[in-house]
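Just so it is clear: in the sequence shown, position 83 is 83 by the UniProt record's numbering, and no numbers are missing.
We put the CB at the ideal spot given by N, CA and C, even for glycine.
All values derive from a computational prediction rather than experimental measurement.
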Amino acid sequence: MKSVKKVVLISAILAAVTALAFAISSSKKTSEVYLNSQMLALIPQPKTELELGSKEESTQNQKSKKAEIIRYTVKSGDTLEAIAKRYGISVDSIAESNLIDKNDIIKVGQELKFPSINGVVYKIKKGDALWDIASRYKIKLEDIARINSITSLNDVKFGKEIILPGEAKLLASEVQNRDTSVRTATSRGSASTKSALSNAAYAGIIWPLSGRFTSAFGQRWGEFHKGIDLAAPVGTTVSAALSGKVVFSGYRGTYGRLIIVDHGNGMETYYAHLSKSLVSVGQNVKRGQAIAKVGATGRVTGPHLHFEIRFNSVPVNPLSYLR
């Protein structure tokens, strides 16, 4: 009799445990994301409606779309608005993914990249971690992982392009300077999105000339090299890397003939070792405008352009900005 009662009791316990396990699994389905063989997070299975962008933008098209990066060549008659409408995404998604202003005029043959859903295309930089990206741009880690099918550390590689869903903006400066790491990201709607620095980063900084890259930013010959060097023949045209105002044009020590352009909110660009200046202090210049000629003035070993980008007087790596 006792053995029968024991069997009944055990059966009851097993039934209760089974029912509890079923209830828990039914309440919330989860999938596991592992990075570096360790569980990073329990990510809910995709909802019927992804929270991407505003509620108005969460249409049936957005819900049914596969998240992928589209590469598009601009054709005659194209505008950012027309392309955005054709693919069912916002103009901002295209502009921010290409670091251009949404009011810029695009050119035939220009290559654009943008996500198939509202969001931004982001290229993973050296040292980036998935959770760091999520925190920096205020996006849920599980959303980034799910949208990009990231399941392991091998999926997060330097140089890989991923989609940051929603309305994250790449108005960020990610600069490394010996003992300084400055990271700023601006969310849509904040007052600082209209700052000169944000507009500058948004428009994109272009190369001041097409020369041979000869020296990088960082430690060099026992000194810290505050910019990059581009070799070119004397007389080669130097263009403004970004629109701004000339605040210095003259001779300055080892820089030789130097031009400094102020882009607002602490951002400046330096153009050194020039043979000739084509602008004067107080003059407003546009991105791509000829401002000087390459020379060999100051402390040099040959004709070249020394180019710097400074933020609040702190030199930063131009290669983090140039497009």
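- Contact between Thr297 and His273 holds, since their C-beta atoms are separated by about 5 angstroms, short of 8 angstroms.
- Cβ-Cβ separation between Arg323 and Leu99: approximately 6 angstroms, consistent with a contact (criterion under 8 angstroms).
- Taking a C-beta distance under 8 angstroms as the contact criterion, His306 and Gly227 qualify as a contact pair.
- Cβ-Cβ distances below 6 angstroms link Asp229 to Thr214, Ser215, His304, His306 in the same chain, with the five nearest sequence neighbours on each side left out; the list follows chain order.
- The Cβ atoms of Ile105 and Ile94 lie no closer than 8 angstroms to each other.
- Under the three-state reduction of DSSP, Pro233 is assigned to coil, being neither helix nor strand.
- Bounds of the beta strand (DSSP E) holding Tyr270 are 267-277.
- A Cβ-Cβ distance of about 6 angstroms is found for the pair Gly295 and Val234, placing them in contact under the 8 angstroms criterion.
- By the neighbour-count definition (other C-beta atoms within 10 Å, threshold 16), Val285 is a buried residue.
- Annotated as proximal: Ala231 and Gly211, with beta-carbon spacing under 8 angstroms.
- Assignment of Lys113 by DSSP, reduced to helix, strand and coil, places it in the strand class.
- Gly282 counts as exposed, since fewer than 16 other beta carbons sit within 10 angstroms of its beta carbon.
- Collapsing the DSSP output to three states places Tyr251 in a strand.
- Taking C-alpha positions only, Ile162 is separated from Leu80 by approximately 21 angstroms.
- Each of Pro318, Ser249, Tyr122, Tyr72 was checked against the Cα of Pro208, and the nearest Cα belongs to Pro318.
- Counting the other Cβ atoms within 10 Å of the Cβ of Asp92 gives 16 or more, which makes it buried.
- Taking 8 angstroms as the cut-off, the beta carbon of Ile260 is found closer than this to the beta carbon of Glu268.
- Nearest to Gly127 by C-alpha distance, out of Gly159, Thr73, Lys75, is Gly159.
- With contacts defined by Cβ atoms closer than 8 angstroms, Thr73 and Glu111 form a contacting pair.
- In the structure shown, the three-state DSSP call for Pro165 is strand.
- Ranked by how close their Cα comes to the Cα of Gly109, the residues Gly253, His263, Ser76, Lys123 have Ser76 in first place.
- Take Leu278, set aside five residues on each side of it, and the residues of its chain with a beta-carbon closer than 8 angstroms to its own are Ala290, Ile291, Ala292, Lys293, in chain order.
- For Val108, there is no enclosing alpha helix (DSSP H), since its DSSP letter is neither H nor E.
- Of all alpha-carbon atoms in Thr237, Ile309, Asn148, Gly250, the one lying nearest the alpha-carbon of His263 is that of Ile309.
- Distance from the Cα of His225 is smallest, within the candidate group Val314, Lys102, Ser116, Lys113, for Val314.
- Note: His306 is bridge-paired with Asp229, Ala272 in the DSSP secondary-structure output.
- Close CB contacts of Tyr270 within its chain, under the 6 angstroms cut and outside five residues either way in sequence, are with Ile260, Glu308 (chain order).
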